[in-house]
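Asker: Take a look at the following structure, please.
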Amino acid sequence: MNEKIRVRYAPSPTGYLHIGGARSALFNYLFAKKYHGDLVFRVEDTDIERNIDGGEESQYNDLKWLGIIPDESPYEPNEKYAPYRQMERLDIYRKYAEQLVAQGDAYYCYCTSEELEERKESQLQAGIKATKYDRKCLNLTKEQIERYKKEGRKPCIRIRLKENHTITFNDLVRGKVTFTCDDLGGDFVIMKSNGIPTYNFAVVVDDHLMDITHVFRGEEHLSNTPKQIAIYEMLNWKAPQFGHMTIIVNENGKKLSKRDHNILQFMSQYRELGYLKEAIFNFILLLGWTPENNQEFFTMKEAIEAFDPKRLSTSPSTFDPKALIFMNSHYIKQLSDQDYLEFIKPHMVKVMDLSHLTDEQILQIANLYKEELGYGEQIVEPLNNIMNPKEITNEEELKMVSSELAKKVYATFINELNSLSEITKDNLKQVFKNVQNLVGVKGKDLYMPIRLKLTGVSHGIELINIVNILGKDEVISRLSK
RNA sequence: GGCCUAUUGGAGAAGUGGCUUAACUCAGUACCCUCUCAAGGUAUCAUUCACCGGUUCGAAUCCGGUAUAGGUCACCA
């Protein structure tokens, strides 16, 4: 490869960065970096109806958060290729669209959407399942055009697809793929009547002008590819290499849609729940891609080195939230004290007041949960059980807390606590031992009543740690109730 | 319906003609540890690669057909 590798991630700012988009961006990035190329962040904002505020910025920021750093974007433009927002490039598209019209490969179409709908309907009535545009406007006379203009109609521009023309391309993931122009669904629109290009046209113009060499995108674009190649051919441009990645499906085998509420899909949601970027990165890396050597955990650098598009899967990948949790807990365990503290504080703060604690004290508490956390927010519930004990409703448990034996345990325990000048893990161990000897109970009968009385639930971290967190006064007060 | 694509366990998947009695990881199950939950440890988890035929000494791997699933057929991207 002599030419400089240039790839792009081109989101439309109609939403926030989701799993599929992130994966698409990731593989493009890995490919580019492996061959010392550049990643371009381009904004496909031509659907002016659906664009949302902050969509572009959040996509850009979430990408960076994941460690996918674009080399060029609206914020760091290369003068040679700018601008990077399609709505700022309207003149460019118009120029090439007019060129296509001039050379007979495209034509103005004055049909209204109602007319199109009507004629599509009659095609269906006639038993034609694969409906396509009937080329009514292909050969309009001057008079007809004048009449339409007088009516105030604004034309769109349609591509004029060649007949009996076959388009073949070598997909980087799937190998040779062939389409016939007649199966492309008819002469599609390249410029809408409002002067804004359609996706398939804008993409071609931009990819060419931005010297994009390789395009990795979702399988849903596979059938757009021949349309785009048809335009490349008409403009006499060299098309980039395409690679179509498998789509991500949910556990029912359906494509992950933005409306799929069973699975969290947006980066920001994961970040807020306490997922680490390393885990998400690693997880999406292995979603539809496998390394040669079975390696499980990757740094970005390792992934760049190992990446090979030939090893992208061709069958759909199921998004398994459990696998993500596994990844995340792996990376949480690796966190340094300082990083872990920073990571976990925002979650702890939801159930306890940290302002009077030192970082060291907070860390001490947080470390009790480090091993078992799947994601940060999971610390909230168990910690809440300790800070704000639940009312016991279970009959068996009620019996256990209020038995004569239990009362004796509390009293002895309180006594022993009172005899301590300070509370440490070691002397708490001794306290339990003393109570065991004095009352004559051990194991479950000793620990469970205290645990229930203190927290209201029958499970949680080691009881000694709970006592340690709550402190002498609080423990005595709860046990005396 | 047309076109395109896929089909190995609950999941991600390795494997592209003999070295596979289908690797590895996650999840699951059982046991150990333990006051409990979790973590950790140990063990276990596809006589079989969607199905039916064919080629071959030999097939998950090659060929043909069938079935199923998904994608796409917009003046959305």
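In the working numbering, the protein residues as written are 14 to 494.
Glycine included, C-beta positions come from ideal geometry on N, C-alpha and C.
Could you name the residues that DSSP lists as bridge partners for residue 51?
Answerer: 19
Asker: Output the boundary residues of the alpha helix (DSSP H) element that contains residue 91.
Answerer: Unbroken run through residue 91: none, as it is neither H nor E.
Asker: Would the beta-carbon of residue 256 fall within 8 angstroms of that of residue 186?
Answerer: yes
Asker: Three-state secondary structure (DSSP) at residue 107?
Answerer: helix
Asker: Following the continuous beta strand (DSSP E) through residue 139, name the residue where it begins and the one where it ends.
Answerer: Looking at the DSSP string, residue 139 is not in any beta strand (DSSP E), and its letter there is neither H nor E.
Asker: So what's residue 278 in DSSP terms, helix, strand or just coil?
Answerer: coil
Asker: Roughly how many angstroms lie between the CA atoms of residue 210 and residue 42, to the nearest whole one?
Answerer: 27 angstroms
Asker: Taking residue 160 as part of the alpha helix (DSSP H), name the residues at either end of that continuous run.
Answerer: 155-163
Asker: Does the beta-carbon of residue 450 have 16 or more other beta-carbons within 10 angstroms, so that it is buried, or is it exposed?
Answerer: exposed
Asker: DSSP state of residue 95, grouped into three classes?
Answerer: coil
Asker: Measuring CA to CA, which of 429, 198, 29, 244 is closest to residue 480?
Answerer: 429
Asker: Put residue 330 into one of helix, strand or coil per three-state DSSP.
Answerer: strand
Asker: Could you check where the beta strand (DSSP E) with residue 310 kicks off and where it finishes?
Answerer: From DSSP, residue 310 is part of no beta strand (DSSP E); its letter is neither H nor E.
Asker: Do three or more CB pairs link the region 241-258 to the region 276-293 at distances below 8 angstroms?
Answerer: no
Asker: Can you list, in chain order, the stretches of the beta strand (DSSP E) that have 3 or more residues and sit fully within the region 216-260?
Answerer: 227-231, 254-258
Asker: What is the DSSP secondary structure of residue 305, counted as helix, strand or coil?
Answerer: coil
Asker: Are the CB atoms of residue 18 and residue 226 nearer to each other than 8 angstroms?
Answerer: A contact, by the Cβ cut-off of 8 angstroms.
Asker: Which same chain residues, not among the five before or five after residue 485, have their C-beta less than 6 angstroms away from its C-beta?
Answerer: The beta carbon of residue 485 lies closer than 6 angstroms to those of 430, 436 in the same chain, with the five residues before and after it left out.
Asker: Are the region 315-334 and the region 286-305 touching, with three or more C-beta to C-beta distances below 8 angstroms?
Answerer: yes
Asker: Between the Cα of residue 421 and the Cα atoms of 359, 183, 493, which residue gives the shortest distance?
Answerer: 493
Asker: Could you please give the first and the last residue of the uninterrupted beta strand (DSSP E) stretch that includes residue 189?
Answerer: 188-193
Asker: Near residue 491, which residues of its chain fall below 6 angstroms by C-beta distance, leaving aside the five closest residues on each side in sequence?
Answerer: Excluding residues within five positions, the ones whose Cβ falls inside 6 angstroms are 467.
Asker: Taking the C-alpha atoms as reference points, what is the distance between residue 120 and residue 204?
Answerer: 10 angstroms
Asker: With H, G and I counted as helix, E and B as strand and the rest as coil, what does DSSP make of residue 210?
Answerer: strand
Asker: Starting from the Cα of residue 118, find the closest Cα among 93, 81, 245, 295 and give me that residue.
Answerer: 245
Asker: So within the region 352-404, which uninterrupted beta strand (DSSP E) runs reach at least 3 residues, ignoring any that extend past its ends?
Answerer: none
Asker: Taking the CB atoms as reference points, tell me whether residue 469 and residue 402 lie closer together than 8 angstroms.
Answerer: Going by C-beta atoms, residue 469 is nearer than 8 angstroms to residue 402.
Asker: Nearest-angstrom Cα distance between residue 47 and residue 73?
Answerer: 21 angstroms
Asker: Tell me whether residue 202 sits in a helix, a strand or coil according to DSSP, three-state version.
Answerer: strand
Asker: Which term fits residue 219, buried or exposed, when burial requires 16 or more other beta carbons within 10 angstroms of its beta carbon?
Answerer: buried
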